[in-house]
Amino acid sequence: MIVGLLKESGNEQRIAFLPEIAARLVQQKVRVFVEKDAGLTAFQSNQLYEEAGAEIVSREEVLTKSDLLVQIGEPSPELVEQLGSDKIWLSQYNPLWNKNLVTQFLQKGITSFSMDSIPRTSRAQAMDVLSSMATVSGYKAVLEGASQLPNFFPMFMTAAGTIRPATVLVLGAGVAGLQAIAIARKLGAQVQAFDVRSAVKEEVMSLGARFVEVEGAKEDAAAGGYAVEQTEEFKQKQQQAINDHAAKADVVICTAQIPGRKAPVLLPKEAVERMKPGSVIVDLAASSGGNCELTQDNETVVHHGVKIIGQSNYPSLMPVDASKMYGKNVFNFLELLIADDGSLNLNFEDDIVAGTCITHQGEVLNSRVKSLFG
Ligand code: NAD
699 MIVGLLKESG
709 NEQRIAFLPE
719 IAARLVQQKV
729 RVFVEKDAGL
739 TAFQSNQLYE
749 EAGAEIVSRE
759 EVLTKSDLLV
769 QIGEPSPELV
779 EQLGSDKIWL
789 SQYNPLWNKN
799 LVTQFLQKGI
809 TSFSMDSIPR
819 TSRAQAMDVL
829 SSMATVSGYK
839 AVLEGASQLP
849 NFFPMFMTAA
859 GTIRPATVLV
869 LGAGVAGLQA
879 IAIARKLGAQ
889 VQAFDVRSAV
899 KEEVMSLGAR
909 FVEVEGAKED
919 AAAGGYAVEQ
929 TEEFKQKQQQ
939 AINDHAAKAD
949 VVICTAQIPG
959 RKAPVLLPKE
969 AVERMKPGSV
979 IVDLAASSGG
989 NCELTQDNET
999 VVHHGVKIIG
1009 QSNYPSLMPV
1019 DASKMYGKNV
1029 FNFLELLIAD
1039 DGSLNLNFED
1049 DIVAGTCITH
1059 QGEVLNSRVK
1069 SLFG
């Protein structure tokens, strides 16, 4: 089998795997084609890929000769149009939002996998790109908040007086939120966190943060560890608690998301207007609408002196380690598709292969995506 690594489009600086992973694929008797200069934005030269045993070829050659094409971002409709129906596509293409793309893959008969649909099971943990990238985002969000804040994070006792530590409020204590809590604590801030899943309370506390409790949250064990939509009564109680805590916070890191749905609005305009001038909101949910009502995706806006940063792709701004993590996840998944002789092995009896496969031979396989198509 030939695995083809494509250069990303737009401002994306990551690459789907580093040369070290190309070498591991070659060891598994797979030929690796890398689009010329694909790794440059992540500081990976063509030579490094060649030394790993990959072949540097033109984009045209990657697209026509590879059996399985790998990138991170979603492909453009024009790119999918160019692909033959015998190709296998693997990227993080967000099928729950991109129904048109799913339809295009279906119509072309292309087998497509989306890395954001990896099941959240213990066996699949080593392939979970959402967790890896959330780790990067949580880390970067705190650094961004700290660098934009006109105050220190840690407490300082100096001859010029005592500086009080900053207060950071983290909304959503999933993978990104827990990482944000840990980094904010390391920088010396006082941290409070809120989540609708009570299961995270202990984790939050073990990281040295305070858990803001609001009673009456709806939880569903069948949601695979994810949050579910909440009742109106709970939302009102939650809003009051968040508004009161946000008013006292210096930095609010927003990470709350519900897969396949618009992000919950947890910081309405009125809450922002109660915050101190100079305080900062970093909204990691920006691409799915934002947890703050005033967030603009990929923009920074200032309202009543509060800076609201809507950056939804921090992993791209840390392309080396983010690509390293993404590539390791991809490799662990590809291992399920590679037979001993290096040929392609599509085993849909495997729950990870079946769960991650969105389209195959004109049918939708993933059950959550299937429900979108009625
Ligand atoms: P996510 O990015 O979908 O959501 C982030 C957080 O926002 C979650 O903790 C969620 O509960 C919270 N949230 C949603 N709506 C909210 C609201 N209205 N108010 C406050 N908080 C809200 O989730 P994620 O971080 O990708 O993962 C969530 C959990 O899934 C993890 O903490 C973990 O328990 C589990 N998980 C399991 C695996 C695995 O087993 N392979 C891998 C990754 C995550």
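For this note's numbering, count along the sequence shown from 1 and bump the result up by 698.
For every residue, glycine included, the Cβ atom is placed at its ideal position computed from N, Cα and C.
All of these numbers come straight from a predicted model, not from anything done at the bench.
Query	Result
Member of Gln938, Asp784 and Gly1003 whose CA lies at the smallest distance from the CA of Thr1057	Asp784
Asp981, enclosing beta strand (DSSP E) - first and last residue	Val978 to Asp981
Pro966 to Trp795 span [Cα, whole Å]	24 Å
Extent of the continuous alpha helix (DSSP H) run through Glu710	Taken as a continuous stretch (DSSP letters only), Glu710 belongs to no alpha helix (DSSP H), as it is neither H nor E.
DSSP-derived helix/strand/coil call for Glu772	coil
Three-state secondary structure assigned by DSSP to Arg722	helix
Enclosing alpha helix (DSSP H) for Ser830 [first to last residue]	Val827 to Gln846
Pair within 9 Å by beta-carbon distance, Gln713 and Ala736	The sequence as given places Ile at residue 713; Gln does not occur at that position. Contact: yes.
Any 3 or more C-beta pairs closer than 8 Å across the stretch 1029–1047 and the stretch 848–861	no
Check whether Ser764 and Tyr791 have beta carbons under 9 Å apart	no
9 Å Cβ cutoff met for Leu1035 and Leu761	no
Arg908: CB within 8 Å of a non-hydrogen atom of the ligand NAD	no
Given 8 Å, three or more beta-carbon pairs between the stretch 940–951 and the stretch 923–932	no
Simplified DSSP state of Ile816, which is helix, strand or coil	coil
Any non-hydrogen atom of the ligand NAD within 8 Å of Val1054 CB	A small correction: the amino acid at residue 1054 is Thr; Val does not occupy that position in the sequence shown. Because no heavy atom of the ligand NAD lies under 8 Å away, the Cβ of Thr1054 does not count as near it: no.
Expected contact under 8 Å - CB spacing of Ala874 and Thr993 to nearest Å	Contact flag wrong, Cβ pair sits at about 15 Å.
The stretch 813–829 in contact with the stretch 1001–1008 per 3-pair CB rule at 8 Å	no
Bounding residues of the alpha helix (DSSP H) (the contiguous stretch that carries Ile731)	The sequence given here places Phe at residue 731; Ile does not occur at that position. Counting along the chain, Phe731 falls outside any alpha helix (DSSP H), though it belongs to the beta strand (DSSP E) covering Arg729 to Glu733.
Inter-residue Cα distance where the pair is Ser789 and Ser1069	21 Å
Gly702 versus Leu905 - alpha carbon distance	41 Å
Span of the alpha helix (DSSP H), counted from its first residue to its last, around His1002	Element bounds for His1002: n/a, residue is neither H nor E.
Any non-hydrogen atom of the ligand NAD closer than 8 Å to Arg1066 Cβ	no
Close-in-space but distant-in-sequence residues of the same chain around Glu901 (CB under 8 Å, 5 per side omitted)	Ala871 and Leu876
Heavy atom of the ligand NAD within 8 Å of Ile956 beta-carbon	yes
Nearest candidate by alpha-carbon position, reference Arg821, set Cys1055, Leu1042, Phe1031 and Ile700	Phe1031
Backbone CA spacing between Val868 and Asn996 [nearest angstrom]	20 Å
Near the ligand NAD: Gln934 beta-carbon under 8 Å from a heavy atom	no
Among Thr833, Cys990 and Pro962, the one whose alpha carbon lies nearest that of Ala969	Cys990
Outcome for Ser835 when other beta-carbon atoms lying within 10 angstroms are tallied against a minimum of 16	buried
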